[in-house]
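Chemist: Below: one structure in structure tokens.
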Amino acid sequence: MQAFYTMHIKVCIFLERRSTRSVKVAKKPKKILKKSKRITKKTKVVKKTKPQVKHSVSRSAARETVPQCPPLGLESLKVKDNQLKASSFKRRGLGPHRGRLNIQSGIEDGDIYDGAWCAQYRDEKQWLEVDALRLTRFTGVLLQGRNSIWSWDVVYTYKVQFSNDSLVWKPSMNGTEEAVFEGNQDADTPVLALFNTSTVARYIRINPQTWYENGTQGDICLRAEVLGCTVPDPNNIYPWQTEPAASKDKLDFRHHNYKEMRKLMKAVNEACPDITRIYSIGKSYKGLKLYVMEISDNPGKHELGEPEFRYVAGMHGNEALGREILLNLMEYLCQEYKRGDQRIVRLIKDTRIHLLPSMNPDGYEMAFKKGSELAGWAFGRYSYEGIDMNHNFADLNSVMWNAIELETDRSKLINHYFPIPEQYTSEDAFVASETRAVINWMQNIPFVLGANLHGGELVVTYPFDMTRDWAPQEHTPTSDESFFRWLATAYASTNQVMSNPDRRPCHNKDFLRYNNIINGAEWHNVPGSMNDFSYLHTNCFEVTVELSCDKFPHASELPIEWENNRESLLVYMEQVHRGIKGIVRDKDTEAGIPDAIIKVDDIDHHIRSVADGDYWRLLNPGEYRVTASAEGYFPSSRTCQVMYDFFPTICDFNLTKMPNQRLKEILAKGGKLPKDLQLRLRQLRLRKLRGAG
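Quick note: the sequence shown uses UniProt numbering, first residue 1, plus one each step.
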């Protein structure tokens, strides 16, 4: 065993010397921090002021300081639970498997989903260990404090050790002294420490030295990510574990800032000018345009009978994966259309697709400057004005539920196209300019289906997102519950990570128990959500897709994330062709009738025809009794059969005008009533007068 370890050390030393030139080395400090005494003896109260550690190397803001080596994957779950060990832990919910960067705790402390690794003891012998499973050139560590509503725990300083066998450990050095690195001053901001010299090993330990303590309060708790590059291991005779294959698609897998995003969209438009169009729906608070890529065989025009589909990403600026996936989707659709892929050609010819990659460009630019690991959990989430746009749409749920409580005659209740409250549209309303732009977009284009891409979890949620009685969590279904469950399942079941039965939960809820789909309000109450607004104010059905545990994955992980979601993105778009569609026409003139109401028996939610009389009603397979009605026309009903095929059933309606409507149209055109009709009207009036007398 000793000979084996010696050979490893020789390989490590050789690789260290080769790799040192490519690693940024911090300026050598002049002073060395003396070994501190046990903190519990040093002071009763350790203030939240920054400890003086003059020879540590830390970075928490500049993107350019992130070294070439990517994260091992504690945050993204690439590092499995069995690769994490600790000297001790207080309980299962604070075990080493919870010591992952940006992991979020549950509402209550003490459950199995707590927000950090916490040692059972308070001394300098505690450690969190990561097994990289093979030789790795370690270059740095990112540290966070404990995520908790009720507790405040951070590690101020720490040491790092390395090993090839987890028995003999070598400390990270700063010259001739053991290096001590700066940790955290708050619980949320990630702090990056780069090693003065990179070290090749298999195992790494984080060994806290000082931490927050206030009397009996204050534990050794941390969340971490480790940066490292895999290196060849000449002594490894075992085949390496199977890893997800990198994507074979020739796409631009990297993070794009605003200028780079515009450049990529322009390149796609130039490569496929016949099927793409770039347009803007408005501007952010700081004046950045909200660009949309339209993909259709006839861009710029709504075609009769062709459904409109949308994907929206970047509502929260720090949730960057959705943005990159939509940019990749633009490239992919263009390339595959040119290649003649029949599935893509059919999708583009039969669907008008709209892709909004960045709804919150101001927030994204803030997070982008920090970098994928340093943005933390919430930096860049909100608009520049500090607005969470997923809580910023008009609350039409309360309007609907208040009307239900006040109206005794249910036949008088409306169940769709709820008007926006007047106070919401006023200039001084606390509504983000980005939200207003998206609402106008939703009103101007007759979308049928959409999805809002988020990050930080692995689940698909469907409306309603808001609970009826403002409970924190409560299942609150729509009238289209069964179809929304189908939509959510269509995405989740084809996503490579969500559909993996062996995956672990991201944070504090095991969505595998729900087949990776959940009613939004059952997860947590979200008033003013985009999904609820879309369902109650327009014809569009929309779900939220939480794409990954990691909100802002490292660029090296983007090809794998694309592979995880590519099929799901396509399958979900194809659902826009499920159900029934048709045209509501005037029986005499054959002109399309706009705003005709389409009612499906036993589903208390109607939709309306659009400007040319065409409509789309999303439905699961089955037989339905459908009624079309419009002002001034007699209603018409028919039975429509929805099949399992990926194309809708055609259900057209020809409506007959009521006599009063004919009269109104004649008078509106300045015409005169026929003499015989005038005579009959006089006779009717006389009869009414005599009856009254």
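Glycine is no exception: its CB is placed at the ideal position from the N, C-alpha and C atoms.
What runs of the beta strand (DSSP E), each 3 residues or longer, lie entirely inside the segment 541-568?
Modeler: Fully enclosed beta strand (DSSP E) runs of 3 or longer: 541-546.
Chemist: Under a three-way DSSP split, which group does residue 452 fall into?
Modeler: Within the sequence shown, the letter at position 452 stands for residue 452. Correct three-state label for residue 452: strand.
Chemist: Would you check if the distance between the CB atom of residue 295 and the CB atom of residue 205 is smaller than 9 Å?
Modeler: Residue 295 sits at position 295 when you count from the first residue of the sequence shown. Residue 205 sits at position 205 when you count from the first residue of the sequence shown. No, the pair does not count as a contact, with Cβ atoms beyond the cut-off.
Chemist: Locate the alpha helix (DSSP H) running through residue 535, then write down its first and last residues.
Modeler: Walking along the sequence shown from the start, residue 535 turns up at place 535. First-last of the alpha helix (DSSP H) with residue 535: 530-537.
Chemist: If you run the structure through DSSP and keep just helix, strand and coil, what is residue 354?
Modeler: In the sequence shown, residue 354 corresponds to position 354, counting from 1. Strand, per DSSP.
Chemist: By Cβ distance, which residues of its chain are closer than 6 Å to residue 247, with the 5 residues on each side in sequence left out?
Modeler: Taking the sequence shown and counting its residues from 1, one reaches residue 247 at position 247. Same-chain partners within the cutoff: 559, 562 and 563.
Chemist: Could you tell me how far apart the beta carbons of residue 394 and residue 528 are, in whole angstroms, since I believe they sit closer than 8 Å?
Modeler: To locate residue 394, count along the sequence shown from 1; it is residue 394. To locate residue 528, count along the sequence shown from 1; it is residue 528. That pair is a contact at about 7 Å.
Chemist: Would the segment 356-364 count as touching the segment 310-330 if we require 3 or more Cβ pairs under 8 Å?
Modeler: With a cut-off of 8 Å, the segment 310-330 and the segment 356-364 count as touching, because enough Cβ pairs lie within range.
Chemist: Beta-carbon within less than 7 Å of residue 379's beta-carbon, same chain only, minus the 5 sequence neighbours each way: which residues are those?
Modeler: Here the question's residue 379 lines up with position 379 in the sequence shown. So the list reads 318, 366, 367 and 370, once near-sequence residues are dropped.
Chemist: For residue 80, collect the residues of the same chain with a Cβ closer than 6 Å to its Cβ; drop the 5 residues on either side in sequence, then sort them by chain order.
Modeler: Numbered from 1 along the sequence shown, position 80 holds the residue referred to as residue 80. Excluding residues within five positions, none has a Cβ falling inside 6 Å.
Chemist: Taking just the CA atoms, how far does residue 552 sit from residue 180?
Modeler: Translated into positions along the sequence shown, residue 180 becomes position 180. Translated into positions along the sequence shown, residue 552 becomes position 552. Those two C-alpha atoms are separated by around 28 Å.
Chemist: Since residue 171 sits in a beta bridge, which residues does DSSP pair it with?
Modeler: The residue you call residue 171 lines up with position 171 of the sequence shown. In DSSP, residue 171 forms a bridge with 161.
Chemist: Quick check on residue 643: buried or exposed, where buried means 16 or more other Cβ atoms within 10 Å of its Cβ?
Modeler: Here residue 643 corresponds to residue number 643 of the sequence shown, with the count starting at 1. The residue in question, residue 643, is exposed, as its Cβ has fewer than 16 Cβ neighbours within 10 Å.
Chemist: Curious, which full-length beta strand (DSSP E) runs of at least 3 residues does the segment 371-456 contain?
Modeler: Complete beta strand (DSSP E) runs here, min 3: 447-454.
Chemist: Given a threshold of 16 other Cβ atoms within 10 Å of its Cβ, counted over all protein chains shown, does residue 463 qualify as buried or as exposed?
Modeler: By 1-based counting over the sequence shown, the position of residue 463 is 463. Residue 463 is buried by the Cβ-count criterion.
Chemist: Closest to residue 418 by C-alpha separation, out of 607, 505, 583 and 522, would be which residue?
Modeler: By one-based count along the sequence shown, residue 418 stands at place 418. Nearest of 607, 505, 583 and 522 to residue 418, Cα basis: 607.
Chemist: Per the DSSP calculation, residue 71 is bridged to which residue(s)?
Modeler: If you number the sequence shown from 1, residue 71 lands on position 71. Partner(s): 227.
Chemist: Would you identify the three-state DSSP class for residue 734, choosing helix, strand or coil?
Modeler: Nothing about residue 734 can be reported from this structure: the residues present for the chain run from 1 to 693 only.
Chemist: According to the neighbour-count rule (16 or more other Cβ atoms, all chains shown, within 10 Å of its Cβ), is residue 658 buried or exposed?
Modeler: Translated into positions along the sequence shown, residue 658 becomes position 658. Counting Cβ neighbours within 10 Å, residue 658 comes out exposed, since fewer than 16 surround it.
Chemist: CB residue 545 to CB residue 460, shorter than 9 Å?
Modeler: The residue given as residue 545 occupies position 545 in the sequence shown. The residue given as residue 460 occupies position 460 in the sequence shown. A contact, by the Cβ cut-off of 9 Å.
Chemist: Run through the segment 79-143 for me and flag every whole beta strand (DSSP E) of 3 or more residues, listed as ranges in chain order.
Modeler: DSSP runs (the beta strand (DSSP E)) wholly in the segment 79-143: 84-86.
Chemist: If you draw a straight line from the alpha carbon of residue 595 to that of residue 285, how long is it in whole angstroms?
Modeler: The count along the sequence shown starts at 1 and reaches residue 595 at position 595. The count along the sequence shown starts at 1 and reaches residue 285 at position 285. If you take the alpha carbons of residue 595 and residue 285, they lie about 34 Å apart.
Chemist: If I'm right that residue 163 touches residue 201 with Cβ under 8 Å, what's the distance once you round it to whole angstroms?
Modeler: Numbered from its first residue, the sequence shown carries residue 163 at position 163. Numbered from its first residue, the sequence shown carries residue 201 at position 201. About 6 Å; that satisfies the 8 Å criterion.
Chemist: Residue ranges of each alpha helix (DSSP H) run of no fewer than 4 residues wholly in the segment 314-354, ordered along the chain?
Modeler: Fully enclosed alpha helix (DSSP H) runs of 4 or longer: 321-339 and 342-350.
Chemist: According to the neighbour-count rule (16 or more other Cβ atoms, all chains shown, within 10 Å of its Cβ), is residue 470 buried or exposed?
Modeler: Sequence index remark: in the sequence shown, residue 470 carries index 470 (1-based). Exposed is the call here.
Chemist: From the DSSP output, read off the bridge partner residues of residue 637.
Modeler: Taking the first residue of the sequence shown as position 1, residue 637 is located at position 637. The partner list for residue 637 (beta bridge, DSSP) reads 627.
Chemist: What does a CB cutoff of less than 7 Å around residue 344 pick up in its chain, not counting 5 residues either side in sequence?
Modeler: Indexing the sequence shown from 1 puts residue 344 at position 344. Counting only Cβ-Cβ distances below 7 Å, and skipping sequence neighbours, we find 333, 336 and 337.
Chemist: For residue 257, which residues from the same chain have a beta carbon less than 7 Å from its beta carbon, with the 5 sequence-adjacent residues on both sides left out?
Modeler: Translated into the one-based positions of the sequence shown, residue 257 becomes position 257. Only 365 and 368 meet the Cβ criterion.
Chemist: Quick check: residue 84 and residue 128, are their CB atoms within less than 9 Å of each other?
Modeler: Within the sequence shown, residue 84 is the residue found at index 84, counting from 1. Within the sequence shown, residue 128 is the residue found at index 128, counting from 1. Contact: yes.
Chemist: Judging by CA-CA distance, which residue of 119, 415 and 511 is the nearest neighbour of residue 458?
Modeler: Taking the sequence shown and counting its residues from 1, one reaches residue 458 at position 458. Residue 511 is the option with its Cα nearest to residue 458.
Chemist: Below 8 Å, is the gap between the Cβ of residue 179 and the nearest heavy atom of the ligand GTP?
Modeler: Looking for the ligand GTP in the displayed structure turns up nothing, as the structure carries no ligands at all.
Chemist: Does residue 585 pass the burial test, meaning 16 or more other C-beta atoms within 10 Å, or should it be called exposed?
Modeler: The residue given as residue 585 occupies position 585 in the sequence shown. Buried, since its Cβ has 16 or more Cβ neighbours within 10 Å.
Chemist: On the three-state DSSP scale, how would you describe residue 198?
Modeler: As a working note, residue 198 is residue 198 in the sequence shown. In the structure shown, residue 198 sits in a strand (DSSP, three-state: E or B).
Chemist: Taking the beta carbon of residue 688 as the centre, do at least 16 other beta carbons fall within 10 Å, making it buried, or is it exposed?
Modeler: What you label residue 688 is simply residue 688 of the sequence shown in a count that begins at 1. Answer is exposed; the Cβ neighbour count stays below 16.
Chemist: Should residue 532 be labelled buried (16 or more other beta-carbon atoms within 10 Å of its own) or exposed?
Modeler: Sequence index remark: in the sequence shown, residue 532 carries index 532 (1-based). So residue 532 counts as buried.
Chemist: Whose C-alpha, out of 571, 556, 382 and 522, is nearest the C-alpha of residue 449?
Modeler: Here residue 449 refers to the residue found at position 449 when the sequence shown is read from its first residue. Taking only the C-alpha atoms, the option nearest residue 449 is 571.
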